[in-house]
Amino acid sequence: GDSVTQMEGPVTLSEEAFLTINCTYTATGYPSLFWYVQYPGEGLQLLLKATKADDKGSNKGFEATYRKETTSFHLEKGSVQVSDSAVYFCALSDNTGFQKLVFGTGTRLLVSP
Amino acid sequence: IAGITQAPTSQILAAGRRMTLRCTQDMRHNAMYWYRQDLGLGLRLIHYSNTAGTTGKGEVPDGYSVSRANTDDFPLTLASAVPSQTSVYFCASSDSTGAGYTFGSGTRLTVV
Numbered sequence: 082g083d084s085v086t087q088m089e090g091p092v093t094l095s096e097e098a099f100l101t102i103n104c105t106y107t108a109t110g111y112p113s114l115f116w117y118v119q120y121p122g123e124g125l126q127l128l129l130k131a132t133k134a135d136d137k138g139s140n141k142g143f144e145a146t147y148r149k150e151t152t153s154f155h156l157e158k159g160s161v162q163v164s165d166s167a168v169y170f171c172a173l174s175d176n177t178g179f180q181k182l183v184f185g186t187g188t189r190l191l192v193s194p
Numbered sequence: 384i385a386g387i388t389q390a391p392t393s394q395i396l397a398a399g400r401r402m403t404l405r406c407t408q409d410m411r412h413n414a415m416y417w418y419r420q421d422l423g424l425g426l427r428l429i430h431y432s433n434t435a436g437t438t439g440k441g442e443v444p445d446g447y448s449v450s451r452a453n454t455d456d457f458p459l460t461l462a463s464a465v466p467s468q469t470s471v472y473f474c475a476s477s478d479s480t481g482a483g484y485t486f487g488s489g490t491r492l493t494v495v
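Structure, rendered in structure tokens:
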């Protein structure tokens, strides 16, 4: 079945450091790819998405590019802030009608001042 | 405010008891979903519904049931709770194309 693998956490960075969180996927067909963010005590919020190969999703300084050749969707940000501390989930949707999401295990990001 | 309301926010439940987690959305989304979130496992789909009157099983449906009597409500029932059902439960909804995928704020359930 479809699956998503993302890097183990926690990722600990200083403010203004560069962030990369790796995500790779296995899927039949052409899934849509997503990054969700979960702040402490809250539900998940969509951060960005890409629906086809070579698409770049971006939001709030975060970016991710849909790479079909490497089946990857790595999340990047050039300069992280303390307020970016959260858990980040990579996910895919198989676009077969029911929009069921398959999630990675999540990566906790801790940003210190 | 448009969105998803889940209740209760948290609950401690004795093993063997029956429990219904409530979920209501006001966005007129056709599709609704229940996920559970466990440390190290991410979110896993329990049940889903594509439209009122229909439901389907997700990745981890055992021990749970759902109903979809109307568009807005999608309750999740644990008929006889067990400690392995201790988790955070999230309800979500989307339109039929997957757009507008929205999560509720979750229910933290502890089965003792």
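Line order of the protein sequences matches chains A and B.
With the first letter of the first sequence counted as 1, position 29 gets the number 110 in the working numbering; the numbers rise by one all the way through.
With the first letter of the second sequence counted as 1, position 46 gets the number 429 in the working numbering; the numbers rise by one all the way through.
Ideal Cβ positions, reconstructed from N, Cα and C, are used throughout, including at glycine.
Just so it is clear, the structure is predicted and the values come from calculations on it, not from any experiment.
{"Item": "By how many angstroms is the C-alpha of A:S113 removed from the C-alpha of A:C171?", "Value": "11 Å"}
{"Item": "Please report the Cβ distance between A:G185 and A:T86, rounded to the nearest whole angstrom; I am assuming they are in contact, meaning their Cβ atoms lie under 8 Å.", "Value": "6 Å"}
{"Item": "Which residues in the same chain as B:G342 place their Cβ atom closer than 8 Å to its Cβ, once the five residues preceding and following it in sequence are excluded?", "Value": "This structure cannot speak to residue 342 of chain B, because chain B is shown only from 384 to 495."}
{"Item": "Determine the direct distance from the alpha carbon of B:A398 to that of A:Y147, and round the result to whole angstroms.", "Value": "44 Å"}
{"Item": "So, using beta-carbon positions, are B:T490 and B:Q394 closer together than 8 Å?", "Value": "yes"}
{"Item": "Can you give the Cα-Cα distance for B:R405 and B:P391, rounded to whole angstroms?", "Value": "7 Å"}
{"Item": "So which residues on chain B does A:T186 lean against when the C-beta distance must stay under 8 Å?", "Value": "G423, L424 and G425"}
{"Item": "Could you check which residue in B:D478, B:Y472, B:V494 and B:T493 has the C-alpha nearest to that of B:T388?", "Value": "B:Y472"}
{"Item": "Alpha carbons only, please: which of A:G110, A:G159 and A:G82 is nearest the one belonging to A:A134?", "Value": "A:G110"}
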